[in-house]
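*Asks:* I have a structure here, written as structure tokens, and I will follow up with some questions on it.
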Amino acid sequence: MKLDVYKIDGSKSGEQVELSDSVFGIEPNDHVIYLAVKAHLANKRQGTHKAKERAEVRGGGRKPFRQKGRGGARAGTSRTPLWVGGGTIFGPRPRNYREKLNRKVISLARKSALTYKAKAEQIMIVEDFNYENAKTKEFANTLAALKISGKRTLLLTEGNKEKVYLSGRNIPKVNIVEANKASTYELVNNQILVLEKSAIKQLESTLN
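In terms of the numbering used here, the sequence shown opens at residue 259 and continues consecutively.
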């Protein structure tokens, strides 16, 4: 698959880039995408949730009223889960939600996500961003020139480009990630995938 390369000002550079079929043209596997996204979201959970159960709630040591003669149900403590202020039945406990996937599964999931993006024509190639200073306005002007302003956008850069990241981090719906570190969740959770020209080789070498 060949795609045009765009300049930062939004015009076509006249150059085309060939995307590798081994990364952008495979037979996609929906199940591994599901596994990778599920693992990504699970690994983001802190797992620090906690509710006090009956034995952990303070108070309730004295029998609240006599056993017989009131016409109501008997009660041995005021901290029963049936009463306000009582413990929680089977409340959440701290736990580790982390899920582990094999490297081949992770790689296949990313290639499947990229293949879907290529089929949907949601990939755009741009020349490398070389900002001298971190300027949000300059980055916003680039998005407007490329006609993707306001869209949920993922920009994949070659390596760590701090000035590019600082320029775009405050813009809503924009996410900037190093090409070799992009997760399957990030690859599918966007409307348009923007690739720096130099990031394509890095992405392909990582996934192959």
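C-beta: ideal position from N, C-alpha, C; glycine also.
Of the residues 317, 318, 332, which one's Cα is nearest the Cα of residue 324?
*Replies:* When only C-alpha atoms are compared, the closest one is 332.
*Asks:* Around the Cβ of residue 347, are there at least 16 other Cβ atoms within 10 angstroms (buried) or fewer (exposed)?
*Replies:* Flag for residue 347 reads exposed.
*Asks:* Are residue 451 and residue 364 close, meaning C-beta to C-beta below 8 Å?
*Replies:* For residue 451 and residue 364, no; Cβs fall outside 8 Å.
*Asks:* Give me the DSSP bridge partner(s) of residue 434.
*Replies:* Its beta-bridge partners are 413.
*Asks:* Does the distance from the C-beta atom of residue 442 to that of residue 356 stay below 8 Å?
*Replies:* Taking 8 Å as the Cβ cut-off, residue 442 and residue 356 do not qualify as a contacting pair.
*Asks:* For residue 301, I'd like the list of residues in its chain whose CB is within less than 6 Å of its CB, leaving aside the five on either flank, ordered along the chain.
*Replies:* Same-chain partners within the cutoff: 356.
*Asks:* Between 387, 310, 419, 361, which lies nearest to residue 349 when the distance is taken from Cα to Cα?
*Replies:* Of the candidates 387, 310, 419, 361, the one whose C-alpha sits nearest the C-alpha of residue 349 is 310.
*Asks:* Go through the stretch 268-317 residue by residue and report every complete run of the alpha helix (DSSP H) that reaches 4 residues or more, in order.
*Replies:* Here the runs fully enclosed are 279-282, 288-301.
*Asks:* Alpha carbon to alpha carbon, how far is residue 291 from residue 418?
*Replies:* Rounded to the nearest angstrom, the two C-alpha atoms are 26 Å apart.
*Asks:* With which residues is residue 260 paired in a DSSP beta bridge?
*Replies:* Partner(s): 276.
*Asks:* With which residues is residue 454 paired in a DSSP beta bridge?
*Replies:* Beta-bridge pairing links residue 454 to 384.
*Asks:* Going by CA-CA distance only, name the one from 411, 370, 420, 416 that's closest to residue 391.
*Replies:* Among 411, 370, 420, 416, the Cα nearest to that of residue 391 is on 420.
*Asks:* According to DSSP, is residue 342 part of a helix, a strand, or is it coil?
*Replies:* Coil.
*Asks:* Report the rounded CA-to-CA distance for residue 352 versus residue 345, giving the unit in angstroms.
*Replies:* Using only the alpha carbons, I get a separation of about 16 Å.
*Asks:* Label residue 327 either buried or exposed according to how many other C-beta atoms from any shown protein chain fall within 10 Å of its C-beta, with 16 as the threshold for buried.
*Replies:* Exposed, because fewer than 16 other Cβ atoms sit within 10 Å of the Cβ of residue 327.
*Asks:* Keeping to the same chain, check which residues put their C-beta closer than 6 Å to that of residue 375; ignore five residues upstream and five downstream.
*Replies:* If we look at residue 375 and ignore the five residues flanking it on each side, its Cβ neighbours are 381, 451.
*Asks:* Write down the C-beta distance between residue 394 and residue 428 rounded to the nearest angstrom, noting that I regard them as a contact closer than 8 Å.
*Replies:* Going by Cβ atoms, the distance from residue 394 to residue 428 rounds to 6 Å, so yes, they are a contact pair.
*Asks:* Who are the near neighbours of residue 454 in its chain, counting only those whose CB is closer than 6 Å to its CB and skipping five residues on each side?
*Replies:* Around residue 454: 386, 415, 416.
*Asks:* Can you give me the Cβ contacts of residue 273 inside the same chain, cut-off strictly under 7 Å, excluding the 5 residues immediately before and after it?
*Replies:* Here the set comprises 263.
*Asks:* At which residues does the alpha helix (DSSP H) containing residue 364 begin and terminate?
*Replies:* Residue 364 -> alpha helix (DSSP H) spans 361-377.
*Asks:* Counting along the chain, where does the alpha helix (DSSP H) carrying residue 397 start and finish?
*Replies:* Run containing residue 397: 394-403, per the alpha helix (DSSP H) assignment.
*Asks:* How many angstroms separate the CA atom of residue 373 from the CA atom of residue 282?
*Replies:* In a straight line, the C-alpha of residue 373 is about 4 Å away from that of residue 282.
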